[in-house]
Every structure is written in C-alpha cells, then in structure tokens.
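Accompanying notes for the structure given below.
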Amino acid sequence: LIAVNDDFAHRVVLIDPRTNSIVWQYGHKDLKGTAPGYLDTPDGLDLLLPNGTAPLHIDFPSATVTPGRP
Numbered sequence: 007l008i009a010v011n012d013d014f015a016h017r018v019v020l021i022d023p024r025t026n027s028i029v030w031q032y033g034h035k036d037l038k039g040t041a042p043g044y045l046d047t048p049d050g051l052d053l054l055l056p057n058g059t060a061p062l063h064i065d066f067p068s069a070t071v072t073p074g075r076p
C-alpha cells in the first residue's frame, strides 16, 4: 500500500498500487474540519508498526524524515 498525504483535499489515503484505487481514507475530501473524522490541511504522518511504535515521522513541508514521533 502507498500512503498519501492529500493535504489540500484535507485527507490521508492508502492506495493499492495493483488496482490504483483508494482502499482506506481518513478525512473527507475537500471538507476541512476539527471534529473526529476530519482533517485541516494535514502536513505529515506517522508510520506505525503493529506494536504501536512509530519508527518514522514524515514532515512534508520540510521534507524531513525522523525516527520516532516529533
């Protein structure tokens, strides 16, 4: 799966490269907000291992990848 930070559409999606389709989404396309299920211009994401640890934090505005959470 490919994780995509679709910041100006206010969502984060997972894409299956075999089918080129979105298989998971958090946020509502083109609707920003602060309520649960909504995002407001997300600018990064944490990749979590199954045990809940975050080996990588990706901050898109600065294009930096750092170990763990910021």
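This note's numbering runs 6 ahead of the 1-based position in the sequence shown. Beta carbons are placed, not taken as given, at the ideal position from N, Cα and C, and that holds for glycine. Quantities reported herein were computed from a predicted structural model and do not represent experimental measurements.
At the level of alpha carbons, what is the spacing between residue i and residue j?
| i | j | result |
| --- | --- | --- |
| G33 | T47 | 10 Å |
| N57 | D49 | 24 Å |
| R24 | G43 | 27 Å |
| L51 | I21 | 15 Å |
Comparing alpha-carbon positions, which option in the options lies nearest residue i?
| i | options | result |
| --- | --- | --- |
| H16 | L51, D52, L45 | L45 |
| D13 | A41, T40, L55, D36 | D36 |
| N26 | A41, L55, V10 | V10 |
Here's a check: name, in chain order, each residue in its chain whose Cβ is nearer than 6 Å to the Cβ of residue i, leaving out the five neighbours to either side.
| i | result |
| --- | --- |
| Q31 | R17, V19 |
In chain order, what residues of the same chain have a beta carbon less than 8 Å from the beta carbon of residue i, not counting five sequence neighbours either side?
| i | result |
| --- | --- |
| K38 | H16, Y44, L45, D46, T47 |
| V29 | L7, L20, I21, D22 |
Within 8 Å of any Cβ in chain B, is that where the Cβ of residue i sits?
| i | result |
| --- | --- |
| L45 | Chain labels in this structure do not include chain B; a single protein chain is all it has. |
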